[in-house]
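Chemist: Sharing a structure, written as structure tokens. Questions coming.
In the numbering used here, the protein residues as written are 62 to 330.
Laid out in structure tokens, this is it:
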């Protein structure tokens, strides 16, 4: 019995000492409006047991470029716990025919520590002020894409969806409420399997213009959906498909490739 206990302790110690695996994600998304291609996006990242880094890039193509050619890149890093992501850094640069805007944020404890926006929005004086309290208990738009699911809960079940995400992008503060609408089988290059289907609602909080027609439209929009695919090792879900009714027609962001892999958490750095 004594030898069995010693062996069990040794095995347990070796398991604890072994580096946990990290999950990698690489995804290509096609953007379409009314069924017409308008652009593409690429996401890559590493989700480790307690940290994450996500990088996203996008650009418009085709008919969208006739209106306004746009490209952008964003990244976020932070810690990951049972309650979800706790961002540390966020950076975003978007450029179109008119201007290039850069946003940089430092965060801690899900609160904004510092933010820099260059140039500031031209209509800043007409926007609802973002108070310091509105910058607490938030995540940035990239970190918002990583959603923790409680241990023991189905990654394609209600726990994947039922949440309200408080987001601050450096200029505007808003909530996205997700509710479970069912499960679905997704099939794309790199992934075939169950996903959670969530209905989404958008609520503006601050940083927006109260007279904005587009903001009002989105706040009243009941036709927004997101499909969440699992990263089983980290027990989180991330979007594989998004569709939103807009005033111009249905906007669809759909993964044409969705690759999830593993690596040792202490390698590949």
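C-beta atoms are modelled at their ideal positions from N, C-alpha and C, and glycine is treated no differently.
Only a predicted model underlies this, so the values are computations on that prediction, with no experimental measurement involved.
Which same chain residues end up closer than 8 Å to residue 318 when comparing Cβ atoms and leaving out the 5 residues on each side of it in sequence?
Modeler: For this step, residue 318 is matched to residue 257 along the chain shown. Same-chain partners within the cutoff: 87, 88, 89, 249, 250, 251.
Chemist: Report the residue ranges of all alpha helix (DSSP H) runs contained in full by the stretch 230-296; include only those spanning at least 4 residues, in chain order.
Modeler: 274-280
Chemist: Taking the alpha carbon of residue 167 as the reference point, which residue from 157, 229, 155, 151 has its own alpha carbon closest?
Modeler: The residue you call residue 167 lines up with position 106 of the chain shown. Taking only the C-alpha atoms, the option nearest residue 167 is 151.
Chemist: Roughly how many whole angstroms lie between the Cα atoms of residue 314 and residue 217?
Modeler: Here residue 314 is taken as the residue at index 253 of the chain shown, counted from 1. Here residue 217 is taken as the residue at index 156 of the chain shown, counted from 1. C-alpha separation (whole angstroms): 20 Å.
Chemist: Tell me which same chain residues have a C-beta within less than 6 Å of the C-beta of residue 296, skipping the five on either side of it?
Modeler: Counted from its first residue, the chain shown places residue 296 at position 235. Residues of the same chain with a CB within less than 6 Å of the CB of residue 296, apart from the 5 flanking positions on each side, are 210 in chain order.
Chemist: Which one of 130, 223, 230 has the shortest CA to CA distance from residue 136?
Modeler: By 1-based counting over the chain shown, the position of residue 136 is 75. Out of 130, 223, 230, 230 has the C-alpha closest to the C-alpha of residue 136.
Chemist: Does DSSP put residue 206 in a helix, in a strand, or in coil?
Modeler: The count along the chain shown starts at 1 and reaches residue 206 at position 145. Three-state result, residue 206: helix.
Chemist: Which whole runs of the beta strand (DSSP E) in the stretch 107-160 are 3 residues long or more, in chain order?
Modeler: 112-121, 132-142, 145-156
Chemist: With residue 200 and residue 240 assumed to form a contact (beta carbons below 8 Å), what rounded beta-carbon distance in angstroms separates them?
Modeler: Start at 1 with the first residue of the chain shown, and residue 200 comes out as number 139. Start at 1 with the first residue of the chain shown, and residue 240 comes out as number 179. Between residue 240 and residue 200 the Cβ distance is about 19 Å, and since that is not below 8 Å, they are no contact.
Chemist: Counting pairs of beta carbons, one from the stretch 159-179 and one from the stretch 257-267, are three or more of them closer than 8 Å?
Modeler: no
Chemist: Just to confirm the assignment, what range does the alpha helix (DSSP H) spanning residue 221 have?
Modeler: Translated into positions along the chain shown, residue 221 becomes position 160. Note, residue 221: alpha helix (DSSP H), 219-222.
Chemist: Suppose the cutoff is 6 Å on Cβ atoms and the five residues either side in sequence are ignored; what does the same chain contact list for residue 197 look like?
Modeler: Start at 1 with the first residue of the chain shown, and residue 197 comes out as number 136. The answer, listed in chain order, is 172.
Chemist: Considering only the alpha carbon of each residue, which of 323, 268, 316 lies closest to residue 294?
Modeler: Sequence index remark: in the chain shown, residue 294 carries index 233 (1-based). Considering only alpha carbons, the answer is 323.
Chemist: Would you identify the three-state DSSP class for residue 212, choosing helix, strand or coil?
Modeler: For the purposes of this step, residue 212 is identified with residue 151 of the chain shown, where counting begins at 1. Judged by DSSP in its simplified three-state form, residue 212 adopts coil rather than helix or strand.
Chemist: I believe residue 109 touches residue 83 by the beta-carbon criterion, under 8 Å. Please report the beta-carbon distance rounded to the nearest angstrom.
Modeler: Mapped onto the chain shown, residue 109 falls at position 48. Mapped onto the chain shown, residue 83 falls at position 22. Residue 109 to residue 83, Cβ: 4 Å. Contact.
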